[in-house]
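S.K.:
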Amino acid sequence: MTDQAQEIAQLDRTIHEPARLTIMLILDGVNEADFLYLQREGGFTQGNLSGHLTKLEDAGYVEIEKKFKGKVPLTLCRLTGEGKAAFAGYSQRMMGVLKGNGSAG
Amino acid sequence: MTQQTVSYGRRAATYWFVDGLPELLFGLMLIVMAGVALLLSIRTPGPWKWPWRALDLLLIYGGLVLYLVYERGILDFLKVRLTYPRTGYVQAPEEKEWRVETVTTLSLLRPEPPPKENVSFFRLRTVWPVLMAVLLFPIHGNPIGRWFVPCVTTALAVALYVVNRESERPYRWWSALILAVAGLVFAWAPVPGPLQWPLPFLLTGVWMAAQGAYTLVHYLRTNPLPRTAEGVRA
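Read top to bottom, the protein sequences are chains C and R.
My numbering applies: residue 5 is where the first sequence begins, and numbers increase by one.
My numbering applies: residue 612 is where the second sequence begins, and numbers increase by one.
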């Protein structure tokens, strides 16, 4: 197995899935976002987004808080410290793989 | 999904302006400011006289500072009641990290926003030209006669366009042009003395409020309230 293949095998599969990567990208760029904003930005269906958020929450990468804004219920999502570290690690590893292949940089 | 051309952080910052409320509120604030300035001009006409003219200027400045302090809270209040949750809620990165540096180094005029751009940059960039205009063209002083209104209005239009051109909420060039032309009209129209100073700010306020109101109506029409409160997760 080449070094590159090893690097790829070590990518965090929780984040590597395209929909979850999109969620992580969005949440990494903001402080917090609600369910509807994530749905619109990522082009998700409700069920799809809900499922992926649950997986990210179970992995400890995303924190979900239910509250109210005025009288309207609000489901807020934000990256946890662990999630930020995992995403930074994933980005670094992925960039390394792509740069090693001459595809980035 | 559309092609991603800007960062999600910048998109989140831009999102703050999607409903037109920030422009509408700022426009209304300028109208009120112009109204107060008109009242002050009528109350104490004549040349500069210490300390009353200085107090007038301080009052205008104080109003702008109060606006800066309370604008975010007022907008949150309005957004919750008028526009949320049509297209969701997002909070852009915190402004604490850069606020002090921004204000002290006057980095508002640099074309590239910092990596952690925030909605408040627009607020500062937009208020800044107004503060400068108030300072450069002090109330009760008009050394250029009938060219005062065209010059100040054009200066405001150009400044608002230039300092915001790379921001998360840039003005369109034609918007600045219309404002400048509206000011130029008054080079040939007689403007009563007390109205000369407030008029450029009144024109700018009306134009911004009109754009904000149009954006708000368009937003409300194209984004009906979702049937469930937030499309809540299962």
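Every residue gets a Cβ at the ideal spot worked out from N, C-alpha and C, and that includes glycine.
Assuming R:A744 contacts R:L767 under a Cβ cut-off of 8 Å, what Cβ separation, rounded to an integer in Å, is found between them?
M.R.: 6 Å
S.K.: Under 9 Å, CB to CB, which of the residues in the region 26-38 of chain C have a partner in chain R?
M.R.: Of all residues in the region 26-38 of chain C, T26, L29, I30, L31, D32, G33, V34, N35, E36, A37 and D38 have a Cβ within less than 9 Å of some Cβ in chain R.
S.K.: Could you list which residues in chain R have their beta carbon closer than 8 Å to that of C:G74, in chain order?
M.R.: V691, R692 and Y695
S.K.: Applying the criterion that 16 or more other CB atoms from any shown protein chain within 10 Å of the CB defines a buried residue, is R:P835 buried or exposed?
M.R.: With fewer than 16 neighbouring CB atoms inside 10 Å of its own CB, R:P835 falls in the exposed class.
S.K.: Taking the straight line between their C-alpha atoms, what separation do you get for R:A791 and R:G631?
M.R.: 21 Å
S.K.: Taking only beta-carbon positions, decide if R:Q702 is within less than 8 Å of chain C.
M.R.: yes
S.K.: Select from C:N35, C:T84 and C:K73 the residue whose C-alpha is nearest the C-alpha of R:T694.
M.R.: C:K73
S.K.: For a cutoff of 8 Å on Cβ pairs, would you count R:S618 as touching chain C?
M.R.: yes
S.K.: For C:D16, which of helix, strand or coil comes out of DSSP?
M.R.: Assignment of C:D16 by DSSP, reduced to helix, strand and coil, places it in the coil class.
S.K.: Using the C-alpha atoms, what's the distance from C:M28 back to R:I789?
M.R.: Cα atoms of R:I789 and C:M28: separation of roughly 42 Å, rounded to the nearest angstrom.
S.K.: May I ask you to verify whether the region 623-630 of chain R touches the region 802-819 of chain R, counting CB pairs closer than 8 Å and requiring at least 3?
M.R.: no
S.K.: Return the residues of the region 37-52 of chain C that lie within a Cβ-Cβ distance of less than 8 Å from chain R, sorted by chain order.
M.R.: A37, D38, F39, L40, Y41, L42, Q43, R44, E45, G46, G47, Q50 and G51
S.K.: Can you give the beta carbon distance from R:V647 to R:L670, rounded, assuming they're within the 8 Å contact cut?
M.R.: 7 Å
S.K.: List, in chain order, every chain C residue whose beta-carbon is nearer than 9 Å to that of R:A623.
M.R.: Those are I30, G33, V34, N35, A37, Y41 and E45, listed as they occur along chain C.
S.K.: Assuming C:E11 contacts C:G100 (C-beta within less than 8 Å), just tell me the rounded distance between them.
M.R.: 6 Å
S.K.: Keeping to the same chain, check which residues put their C-beta closer than 6 Å to that of C:K71; ignore five residues upstream and five downstream.
M.R.: L78
S.K.: Return no unless some Cβ of chain B is closer than 8 Å to the Cβ of R:T698.
M.R.: The structure shown contains no chain B; its protein chains are C and R.
S.K.: Decide if C:E45 is buried, meaning its Cβ has at least 16 other Cβ atoms within 10 Å, or exposed.
M.R.: buried
S.K.: Quick one: any contact between the region 682-698 of chain R and the region 632-652 of chain R, if contact means 3 or more CB pairs under 8 Å?
M.R.: yes
S.K.: Residue range of the beta strand (DSSP E) that C:P77 falls in?
M.R.: Annotation: the continuous beta strand (DSSP E) that includes C:P77 extends over V76 to L83.
S.K.: Taking the straight line between their C-alpha atoms, what separation do you get for C:R24 and C:G104?
M.R.: 25 Å
S.K.: So, does the CB of C:L78 fall closer than 8 Å to a CB anywhere in chain R?
M.R.: yes
S.K.: Shortest alpha-carbon distance to R:T625 belongs to which of C:I19, C:G33 and C:L15?
M.R.: C:G33
S.K.: To which residues of the same chain is R:L806 closer than 7 Å at the C-beta, ignoring the five residues directly before and after it?
M.R.: L649
S.K.: Which first and last residues belong to the alpha helix (DSSP H) in which R:V817 is found?
M.R.: P809 to T833
S.K.: Can you pull the chain C residues whose beta carbon is under 7 Å from the beta carbon of R:P633, in chain order?
M.R.: Under a criterion of Cβ atoms nearer than 7 Å, no residue of chain C is adjacent to R:P633; the nearest Cβ is some 18 Å distant.
S.K.: Check each residue of the region 811-838 of chain R: if its Cβ is closer than 9 Å to any Cβ of chain C, include it; give the result in chain order.
M.R.: P837
S.K.: For C:L53, does the count of other Cβ atoms within 10 angstroms reach 16, so buried, or fall short, so exposed?
M.R.: buried
S.K.: Identify the residues that DSSP records as bridge partners of C:D38: which are they?
M.R.: C:L80
S.K.: Since I believe R:V760 is in contact with R:G794 (beta carbons under 8 Å), could you give me their beta-carbon distance rounded to a whole number of angstroms?
M.R.: 6 Å
S.K.: Quick one: grab the DSSP three-state call for C:I68.
M.R.: In the three-state reduction of the DSSP assignment, C:I68 falls in the strand class, which pools E and B.
S.K.: Give the range of the alpha helix (DSSP H) segment to which R:Y619 is assigned.
M.R.: Segment Y619 to Y626, the alpha helix (DSSP H) holding R:Y619.
S.K.: With 16 as the cutoff for other CB atoms within 10 Å, does C:Y65 come out buried or exposed?
M.R.: Label assigned to C:Y65: buried.
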